[in-house]
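Numbering (our numbering), first residue to last: 1122 to 1713.
Using N, Cα and C, we set each Cβ at its ideal position, and we do this for glycine too.
Bear in mind that the values here come from a model prediction, so they are computed numbers and not experimental data.
Each remark here refers to the structure printed beneath this line.
Following this line, the structure appears as structure tokens:
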């Protein structure tokens, strides 16, 4: 069921607008942000006014804004709400599309006439249609209902691994004679877009469904009936308001009256609409509308809004079925695993791509930090140590090019020295304090009043060997972190190369970088899907750097850094002495 969250509602649209009948409460359109006032307006109008005349004025002003100022319709409404807000909401404000849904590839296939002998190029024979259905089954694609994909577009919830929606336009008799039996045989749901003027015989053309056939089909749970206007005009945008109103409202009214069902969806004839047309569709009480684009095939998640859900012509079925992806819940399956830690696994490097973002991940071994005496490239910091891999670590003061001064407290077994933070500590409050011990890791909110001494961090972890303050939690307890968790962190929502480290669901340490620019919120979702149960963002942007066995794994020369998170091989003997850093050219060794 579509959930409509918007800034308000208005009453019947019949007031002074020539609409034949008032709309029901369920058909009330949103009162959305108004454009700048015209010269004839003055003052503010409250939708909560106790004056009846003021309420009517608000109704008229709101409707006028939708009809006279189409630029405030769907596209501007979505822009005003903001993509970040939509991405983090459990349900996107109607008719917006949830940002998570935009990362998935859910094709809605569009068919027209199905008949034994083609008359135009986009006709399909029954044999071709059955071949399409066989391909859907053989490729493991799952046809889903329009109800389900609309719910997905509003919530971002995952769908089956390879989903598709089947739609058939214009109400041809072949839809009953050929399509409907095949849908029953394969148990596939589908949408039939019908314009009642054709069923009634008022519009003469090709074959048509009858009301009796539609009655039989509408009782089948596989079938969804959508309104397709009354007479199927070639371009709704060219109609005056009175005729446009009839095509949109009366098609819903007639279908609901004749079939005794609720008509929730509208299909634009020939896919043509604009802000004025979509505003009338919203006002009529439709939950969503289907369109098409002759120039470009688009997946449903690429649509402007629920009032303009894109479809793909059936001639592109091969690539649509191949690319279909519903964001299946791989993450949820991975959550079953150890909640402890494993510092004895071998160190492995892998390159993966999730949602179009390539990642380089190195996992295994024992995590440590190295606080160098100056700034170096990460491979240089690893020279002379037993560390197999490292990623750039915490933030540092860039006032002096050769300074190793960190922002926030730092404790590294490479030096054995705890260095407290300075006056910038208060700005780091609640940022993740990373504590690494002999057999475990903790990520806790940094409290400058408690954690700026060695005693303070030892109170949190008695066997702590390394500590520093990270940028932000990307994943916490298997959950990607929402926008609000990043607070005032600079550029967290910008697309940049990012560095991170954390613990996967098997308890192994993981370090890595994004090989393409990505914002922090999206990166958290990707890392959760990649199997990390906790992940911290490190210094990123120009500092983003990752090294493995002495080689840099980034395709650019990053900014030199003084601090890294490194992975030691598990075979390092606990009693051995290991060189892990240099200061003033002299090696420092520590006992394990």
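Rounded to the nearest whole angstrom, the CA to CA distance from residue 1335 to residue 1471 is 54 angstroms. A contact is defined here as three or more CB-CB pairs under 8 angstroms, and the region 1219-1236 meets this definition with respect to the region 1271-1283. Taking a contact to require three or more Cβ pairs closer than 8 angstroms, the region 1507-1515 and the region 1673-1690 qualify as touching.
If you compare the alpha carbons of 1563, 1504, 1233, 1656 with that of residue 1621, the shortest gap goes to 1656. The three-state secondary structure of residue 1250, taken from DSSP, is helix.
In the three-state reduction of the DSSP assignment, residue 1327 falls in the coil class.
Look at residue 1374 here: in three-state DSSP terms it is helix. Residue 1287 sits in a strand when the DSSP states are folded into three classes.
Per DSSP, the continuous alpha helix (DSSP H) segment holding residue 1438 begins and ends at 1438-1444. Counting the other CB atoms within 10 Å of its CB gives residue 1239 a total below 16, which places it among the exposed residues.
Burial of residue 1632 is indicated by the presence of at least 16 other C-beta atoms within 10 angstroms of its C-beta. In this structure, the alpha-carbon of residue 1497 lies about 34 angstroms from that of residue 1600. Annotated as proximal: residue 1254 and residue 1303, with beta-carbon spacing under 8 angstroms. A direct Cα-Cα distance of roughly 25 angstroms separates residue 1649 from residue 1676.
Setting aside the 5 residues that flank it on each side, residue 1563 is surrounded in the same chain by 1556, 1582, each with a C-beta closer than 6 angstroms to its C-beta; the list follows chain order.
Annotation for residue 1413: no beta strand (DSSP E) segment contains it, and DSSP assigns it neither H nor E.
DSSP places residue 1653 inside the beta strand (DSSP E), whose first and last residues are 1653-1658. The Cβ neighbour count for residue 1671, taken over all protein chains shown within 10 Å, is under 16; the residue is labelled exposed. As the crow flies, the alpha-carbon of residue 1357 is around 21 angstroms from that of residue 1433.
For residue 1248, the closest of 1287, 1258, 1237 by C-alpha to C-alpha distance is 1237.
A direct Cα-Cα distance of roughly 12 angstroms separates residue 1387 from residue 1404. Contact between residue 1427 and residue 1409 is confirmed by a C-beta separation of about 4 angstroms, below the 8 angstroms threshold.
With a contact defined as Cβ atoms closer than 8 angstroms, residue 1312 and residue 1345 qualify at about 5 angstroms.
Beta-bridge annotation (DSSP): residue 1648 is not paired with any residue. Under a 10 Å Cβ-count criterion, residue 1447 is classified as buried, with 16 or more other Cβ atoms of the shown protein chains found around its own Cβ. Under the DSSP assignment, residue 1399 falls in the alpha helix (DSSP H) whose first and last residues are 1396-1404. With fewer than 16 other beta carbons inside 10 angstroms of its own, residue 1325 counts as exposed. In the DSSP assignment, residue 1496 falls within the beta strand (DSSP E) that extends over 1487-1497. Annotated as proximal: residue 1619 and residue 1635, with beta-carbon spacing under 8 angstroms.
When DSSP states are grouped into helix, strand and coil, residue 1268 belongs to the helix group. Boundaries of the beta strand (DSSP E) around residue 1594: 1593-1597. Straight across, the Cα-Cα distance linking residue 1423 with residue 1380 is about 32 angstroms. Considering only 1315, 1608, 1297, 1352, the residue with the shortest C-alpha distance to residue 1323 is 1352. In this structure residue 1256 is exposed. Its beta-carbon is surrounded by fewer than 16 other beta-carbon atoms within 10 angstroms. A Cβ-Cβ distance of about 5 angstroms is found for the pair residue 1684 and residue 1492, placing them in contact under the 8 angstroms criterion.
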